[in-house]
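In terms of my numbering, the sequence shown opens at residue 170 and continues consecutively. Even for Gly, the Cβ is constructed at its ideal location relative to N, Cα and C. Report on the following structure.
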Amino acid sequence: MSTGSAPSAHPRPARPRLAREDRHRQLLDVAWRLVRDEGTDALTLGRLAEQAGVTKPVVYDHFQSREGLLAALYQEYDARQSALLDEALAASEPSLASRAMVIASSFVGCVLLQGRELPGVAAALVGSPALEKVKRDWEVAFLDKCRSVLAPFAPGHPIAPAALRAMLGAADALSYAAAAGEISAEQAQQELFAIIVAMVERSRTAVAVPAAPARARKRP
């Protein structure tokens, strides 16, 4: 009869459970990495759970749906860009050149900081009313901030909404081109800076165009 005893089994230590805020941060980081490595189409809640090493219910608890995840990614980018812009504006000189360069460099810099994955996330927002609203809300807030920052340099001549929209379109195009390596970051910033300055100067020297006279109704 053997007197030896079987080796005792040592249970594996359980992995420490992350706090909800830390788990949320981890999931967002993994989601950005997935978009960067595999593209936006590969970003599903199931794929995110697999890559993050958690169960699907954990991911659904944080984002509820793929739309919710995409919205969270864009809102994080929005918050980062707003913080960078506010910080740079607070440290800038109160001149048109300084403020225009801050807007240009912050916009381009934030897109480059996020990398090539941002255009894919932004494109994924199109087609869903809920996601498009997330993007529109950010655009309105950004344009309102630009209008407020630049207004002192065109006193009595409000910058037209169409001009601000055109500036935003140029900012997106230049930033995405820089992220794709088509142009340099400096080229994107300098071009956007010139567009912003020209927009303000055009507004400052604009002459109000009189409204077309109403046509008199013919009496029967």
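- In the displayed model, residue 186 falls within coil according to three-state DSSP, outside both helix and strand.
- In the structure shown, residue 295 falls within a coil segment according to DSSP collapsed to helix, strand and coil.
- Scanning its chain for C-beta atoms nearer than 8 angstroms, with the 5 sequence neighbours on each side dropped, one finds no residue around residue 252.
- Annotated three-state conformation of residue 360 is helix, per DSSP.
- Between the region 238 to 252 and the region 270 to 287, the count of Cβ pairs shorter than 8 angstroms is three or higher; the stretches touch.
- Exposed is the label assigned to residue 301, since fewer than 16 other Cβ atoms lie within 10 Å of its Cβ.
- Cβ contact annotation for residue 286 (same chain, cutoff 7 angstroms, sequence separation greater than five): 201, 204, 205, in chain order.
- As the crow flies, the alpha-carbon of residue 317 is around 22 angstroms from that of residue 303.
- Less than 8 angstroms divides the Cβ of residue 265 from the Cβ of residue 322.
- Per DSSP, residue 351 lies in no alpha helix (DSSP H) and is assigned neither H nor E.
- DSSP, read as helix, strand or coil, puts residue 338 in helix.
- For residue 220, the uninterrupted alpha helix (DSSP H) segment begins and ends at 214 to 221.
- Under the three-state reduction of DSSP output, residue 237 falls in the helix class.
- With 16 or more other Cβ atoms inside 10 Å of its own Cβ, residue 344 counts as buried.
- In the DSSP annotation of this structure, the continuous segment of the alpha helix (DSSP H) that includes residue 226 starts and ends at 225 to 232.
- If you draw a straight line from the Cα of residue 192 to the Cα of residue 292, it comes to about 26 angstroms.
- Per the coordinates, the alpha-carbon of residue 358 lies some 24 angstroms from the alpha-carbon of residue 242.
- In this structure the region 360 to 376 touches the region 327 to 343; the number of beta carbon pairs closer than 8 angstroms is three or more.
- Residue 215 counts as exposed, since fewer than 16 other beta carbons sit within 10 angstroms of its beta carbon.
- When the Cα atoms are used, residue 356 and residue 340 turn out to be separated by approximately 12 angstroms.
- Per the coordinates, the alpha-carbon of residue 228 lies some 9 angstroms from the alpha-carbon of residue 221.
- Under the DSSP assignment, residue 261 falls outside any alpha helix (DSSP H); it carries neither an H nor an E label.
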